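To keep things clear, I will list the structure first and then write my remarks on it.
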């Protein structure tokens, strides 16, 4: 890590510790849903009742359940039916994913374009990750979607802090380098504060480290997101690995780095359906 990035990270941590910079937080309803699902006595009615506390999120969930992505045979028009049909744990992951968009709402006009780009990048990677997960046993599509959405969340506090540094904020190349180097470490701080599982913390910490080779041969969500980033052309040229065939994630996923599965028409349709779902 460059000395400049290390200095910036130390300053960012101090700002967080002294409450001068607040890390992003999950919307209250998303937190309540996560907590409720851990309750062995959780019911579809209890989850639905919790969801009603956020009318906007509830409406989006109904839209998603009725979207082409989930192909409901009969239209669903109430929350309990949606939870019953989708399953409590799937709804938990979906609610957190849908709530993520609220976190990418900028608090100033200066940050608006940067936050919007970060959100669009996360949606693109999430849609590809979800599609890829359907081809790999053991990886859950909704967890894959969430992994893609959170992979770059560490960029948000960096952008907020950089806004106060006119020289850095105006130097887009230097800022991009800082974000690329630090967003993994910052993202890990955020997801740790959210009590996310290690598999998701690993995603944000290592998704841009294309040399990362976790122990064992079983694919994980970090491998999935790395492949999504590389096959979806979501990595700026200056950060691309020189030889994709040597990226461990492709071997873990059982994929040939030279074959871009995103170009397959059926896969493109799945990706577009997912992106449309997240655009609600």
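Residue numbers (this note's numbering): 2 to 281. We treat Cβ as the ideally placed atom computed from N, Cα and C, and that holds for glycine. Just so it is clear, the structure is predicted and the values come from calculations on it, not from any experiment.
Look up residue 256 in the DSSP assignment and say whether it is helix, strand or coil. coil
Contact set for residue 284: own chain, Cβ-Cβ below 6 Å, skip 5 residues either direction: Outside the displayed range of the chain (2 to 281) lies residue 284, so it cannot be described from this structure.
Quick one: what does DSSP say residue 139 is sitting in, helix, strand or coil? coil
Roughly how many angstroms separate the alpha carbons of residue 70 and residue 278, rounded to a whole number? 7 Å
From residue 75 to residue 126, what distance separates their C-alpha atoms? Their Cα atoms are separated by approximately 30 Å.
Does the Cβ of residue 41 have 16 or more other Cβ atoms within 10 Å, making it buried, or fewer, making it exposed? exposed
Return helix, strand or coil for residue 206, following the three-state DSSP convention. For residue 206, the secondary structure class from DSSP, reduced to helix, strand or coil, is helix.
How far does the alpha helix (DSSP H) with residue 274 in it reach, from first residue to last? 266–279
As an exercise, report each continuous alpha helix (DSSP H) stretch of at least 4 residues that is fully enclosed by the segment 8–38, in chain order. 29–38
By alpha-carbon positions, which one of 30, 14, 124, 98 ends up nearest to residue 23? When 30, 14, 124, 98 are compared, the shortest CA-CA separation from residue 23 is found for 14.
Quick check on DSSP: helix, strand or coil for residue 170? helix
Pick from 212, 253, 147 that is closest to residue 243, judged by C-alpha positions: 212
Taking the beta carbon of residue 105 as the centre, do at least 16 other beta carbons fall within 10 Å, making it buried, or is it exposed? Counting Cβ neighbours within 10 Å, residue 105 comes out buried, since at least 16 surround it.
Start and end of the alpha helix (DSSP H) containing residue 222? Here the alpha helix (DSSP H) through residue 222 covers 222–232.
Can at least three beta-carbon pairs, one atom from the segment 136–147 and one from the segment 160–178, be found at a separation below 8 Å? no
Can you tell me the Cα-Cα spacing of residue 183 and residue 216, whole angstroms? 23 Å
Whose C-alpha, out of 240, 261, 136, 154, is nearest the C-alpha of residue 118? 154
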